[in-house]
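Reviewing the structure listed below.
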Amino acid sequence: MSAIAAKTINELWAKLIVEELVRCGVDRFILSPGSRCTPLTLAVAEHPRAKPFLHYDERGAAFFALGQARALGSPVALVCTSGTATANYLPAVVEAAQSLVPLIVLTADRPPELLDTGANQTIDQNHLYGRYARWYHAFPCPDRSIAPEVVLTAVDHAVHRAKSMPQGPVHLNCAYREPLAPIESGEDFESYLSGIETWQSRGRPYTTCARAEHAITPEDSRFMADLLRSAQRGVIVAGQMDAAVADEVLTLGQALGWPILADV
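So this is what it looks like as structure tokens:
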């Protein structure tokens with residue numbers, strides 16, 4: 154990848170977030186555009202490997218993302234503006250948490266000095282989704298005093314938490330000050346990005362997070378096999394699962410001659 158070009162620090166941070174998500178395998182973005190999320194929306198629109206989907210109703214957008222993540226078996230990103238728009242994600246976030254479906258929720262936010270001023274777009278968004286978010290992180294307003302590595306590491310950890318058991322939604326709250334549009338500022342970010350030159354050239358995530366493997370022991374496998382062989386009659390009750398696991402359950406049912414009941 155070539156060096157990231159940006160006119161403002163807001164644009165730069167948004168591009169770092171989107172680039173790192175794509176490197177982590179999150180390339181589908183469900184966008185509900187608004188003024189405050191302009192940096193994120195443009196970063197998605199301009200990324201060559203990002204796959205944007207526009208959905209102007211946030212509640213519908215969240216359930217659309219939930220369905221895509223469930224079908225893909227991997228995280229999908231949501232992007233919306235600040236205020237009550239973020240609250241419309243809550244029903245789908247709750248369902249994602251209960252169904253173990255990974256989502257990356259990116260909400261734009263006002264800077265601290267503009268919060269709680271009485272307008273719908275100035276609500277407190279910190280921990281908005283409560284215990285239904287597997288992890289929450291509030292990005293401060295973009296500033297050159299904060300290294301770009303901090304941004305990349307937070308994104309990496311968010312994806313890791315979304316994909317780790319129990320899988321589910323994570324919430325990244327992104328505060329932005331004006332200007333939101335990528336207007337010419339005369340700023341040069343070459344020295345600011347010097348610490349991540351290797352990251353820019355190699356095309357891999359900045360941080361690699363190891364995930365624990367969940368597997369039964371050989372002793373447990375033998376115990377289950379003996380238990381199934383000794384059963385005279387049985388029935389398999391199958392809940393919601395991805396296609397690969399469903400094929401394995403079908404194979405097991407056919408081998409045992411047991412009926413399979415679907416329980417969604």
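For the sequence shown, the positions run 154 to 417 when this note's numbering is used. Quick reminder that beta carbons are idealized off the backbone N, C-alpha and C, glycines included.
It is roughly 13 Å from the alpha-carbon of H310 to the alpha-carbon of P255. Taking a contact to require three or more Cβ pairs closer than 8 Å, the stretch 392-400 and the stretch 331-343 do not qualify as touching. The closest CA to that of A408, considering only G392, V388, Q393 and A415, is found on V388. Under the three-state reduction of DSSP output, T351 falls in the helix class. When C-alpha distances from F182 are compared across A198, A240, R189 and P192, the shortest belongs to A198. Rounded to the nearest whole angstrom, the C-alpha separation of C327 and D416 is 39 Å. The stretch 286-296 makes contact with the stretch 315-324, as at least three CB pairs between them are under 8 Å. Three or more beta-carbon pairs separated by less than 8 Å are not found between the stretch 160-167 and the stretch 204-223, which leaves the two stretches without contact.
Contact annotation, A203 with L219: C-beta distance approximately 19 Å; criterion of less than 8 Å not satisfied. Here the C-alpha atom of R297 lies approximately 58 Å from the C-alpha atom of R375. The three-state reading of DSSP puts L281 in coil, since its state is none of H, G, I, E or B.
The shortest CA-to-CA distance from K316 to any of W352, L253 and T275 is the one to L253. Burial is judged here by how many other beta carbons sit within 10 angstroms of a residue's own beta carbon; Y209 has fewer than 16 and is exposed. With the rule of 3 Cβ pairs closer than 8 Å, the stretch 171-187 counts as touching the stretch 228-236. Under the DSSP definition of a beta bridge, Y289 partners with H324. Annotated three-state conformation of D262 is strand, per DSSP. Distance check between V304 and each of Y282, I170 and I157 places I170 closest, using alpha-carbon atoms only. In the structure shown, I170 falls within a helical segment according to DSSP collapsed to helix, strand and coil.
Under the DSSP assignment, V229 falls in the beta strand (DSSP E) whose first and last residues are V229 to C233.
One alpha carbon belongs to R355, the other to M377, and they sit about 46 Å apart. Excluding five sequence positions before and after A334, the CB atoms of its chain that fall closer than 7 Å to its own CB belong to T191, given in chain order. Inter-residue distance for A156 and L346 is about 9 Å (C-alpha atoms, whole angstroms). The secondary-structure analysis by DSSP pairs A300 with nothing; it has no beta-bridge partner. Inclusion of T260 and T237 in the CB contact set at 8 Å is not warranted, their separation being larger than that value. For D262, the closest C-alpha among the options L281, A249, V247 and A250 is that of L281.
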